[in-house]
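Encoded as structure tokens, the structure appears first; notes follow it.
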Amino acid sequence: MVLDAQNMEILMEKILIIQTAFPGDAILTLPLIQKTKYLFPESQIEIIAIPATKGIFEASPFVKKVIVLDKRNEHKSLFSLIKFGMKLRNYYDRVICPHRSLR
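The sequence shown: position 60 = 64 (this note's numbering), numbered continuously.
Shown next, in the form of structure tokens:
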């Protein structure tokens, strides 16, 4: 939650959670999303997910938007992955990544 000192109003934080693993890992990420929303109730949570797990995250009432990262097709090359990342740059107040994958 961000407090604007001039207007003394609470601004909505944008939080990105990156989970591009398999469906089992996506399901295990749901409590993390719920706890994040509990800790930051005024936040807007968006998820980066693979096509196979998009529906899991869309079913969560805590997720505002799912952004698909297609690692096998559209975003397979390093160039396309960098281009994908550049679109997200400077858009989020917090980024949470529950796994250690370099990608």
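Even glycine gets a Cβ: it sits at the ideal position worked out from N, Cα and C.
Starting from the Cα of residue i, find the closest Cα among the options and give me that residue.
i, options, result
"I71", "S84, I51 and K39", "I51"
State yes or no: is the C-beta of residue i within less than 9 Å of the C-beta of residue j?
i, j, result
"I31", "T40", "no"
"T57", "P102", "no"
"L92", "L34", "no"
"A53", "F66", "no"
"S64", "M16", "no"
Quick one: using the 10 Å Cβ neighbour count with 16 as the cut-off for buried, is residue i buried or exposed?
i, result
"L43", "exposed"
"V99", "exposed"
"I37", "buried"
"L82", "exposed"
Give the secondary structure of residue i by DSSP, where H, G and I count as helix, E and B as strand, and everything else as coil.
i, result
"I51", "strand"
"L43", "helix"
"K75", "coil"
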